[in-house]
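Asker:
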Amino acid sequence: MAQDWALDGMDPVSYGTEHAAVPGRTDLVTVWRGQAWHFASEQNRNLFEANPRAYAPGLGGLCVLALSEGRSEPGNPRYFVVIGQRTYFVRSEQARERLLADPQRILMRAKAAWTRMNP
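Heads up: the sequence shown at position 4 corresponds to 4 in my numbering, and the numbers run straight through without jumps.
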């Protein structure tokens with residue numbers, strides 16, 4: 001059922017490899033942490049299964065910009081930024097543009113807020 005789908009069915013590996021939010025296939029699925037993770041290819045599923053934490057979104061998939069402002073809001077898997085090797089979500093294209101304008105400072109503030117919310 002769709003409510004158990006991680007990332008709204010987007011392929012977590014494609015953010016880094018394709019630099020795009022690519023819908024996963026319904027027949028290429030792995031369950032991790034109680035959610036169904038979908039993949040666009042068998043290769044992507046194999047990469048994820050070998051190291052799921054490397055492909056799961058940073059900061060629990062919350063919106064980085066909202067976190068940097070002290071709010072806990074879900075990010076949208078269709079709006080993302082890859083910083084370093086990690087994928088982070090934001091809530092909208094406008095939030096994505098704001099994050100890209102100062103990624104290191106905003107990410108540092110978001111990580112500090114995340115740490116306070118998850119002691």
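Glycine included, every Cβ here is placed at the ideal spot set by N, Cα and C.
Keep in mind that this is a model prediction, so the values were computed, not measured.
Can you name, in chain order, every residue of its own chain whose Cβ lies under 7 Å from the Cβ of Met1, other than the five neighbours on each side?
Answerer: Position 1 of the sequence shown holds residue 1. A caution first: Met1 carries a pLDDT of 45, below 50, which makes its placement in the model too unreliable to give a value.
Asker: Could you name the residues of the same chain whose beta carbon sits closer than 6 Å to that of Arg98, not counting the 5 residues immediately before and after it, in chain order?
Answerer: Walking along the sequence shown from the start, residue 98 turns up at place 98. If we look at Arg98 and ignore the five residues flanking it on each side, its Cβ neighbours are Leu65.
Asker: What's the gap between the Cα of Ala21 and the Cα of Ile83?
Answerer: Along the sequence shown, one-based indexing puts residue 21 at 21. Along the sequence shown, one-based indexing puts residue 83 at 83. So the two alpha carbons sit approximately 15 Å from each other.
Asker: Please report the distance separating the alpha-carbon of Arg25 from that of Trp32.
Answerer: Counted from its first residue, the sequence shown places residue 25 at position 25. Counted from its first residue, the sequence shown places residue 32 at position 32. The straight-line gap from Cα to Cα measures roughly 16 Å.
Asker: Could you compute how far the alpha carbon of Ser41 sits from the alpha carbon of Leu28?
Answerer: One-based indexing of the sequence shown puts residue 41 at position 41. One-based indexing of the sequence shown puts residue 28 at position 28. Inter-residue distance for Ser41 and Leu28 is about 7 Å (C-alpha atoms, whole angstroms).
Asker: By a C-beta neighbour count over all protein chains shown, 10 Å radius and 16 as the cutoff for buried, is Met10 buried or exposed?
Answerer: Residue numbering aside, residue 10 sits at position 10 when the sequence shown is read from its first letter. Per the 10 Å Cβ criterion, buried.
Asker: Which residue marks the beginning of the alpha helix (DSSP H) containing Glu52, and which one marks its end?
Answerer: Within the sequence shown, the letter at position 52 stands for residue 52. For the sequence presented, residue 52 should be read as Pro rather than Glu. That run of the alpha helix (DSSP H) goes 52-55.
Asker: Let's test the definition: count the other Cβ atoms within 10 Å of the Cβ of Leu100 and tell me whether it reaches 16, buried, or not, exposed.
Answerer: Residue mapping note: residue 100 aligns to position 100 of the sequence shown, counting from 1. So Leu100 ends up on the exposed side.
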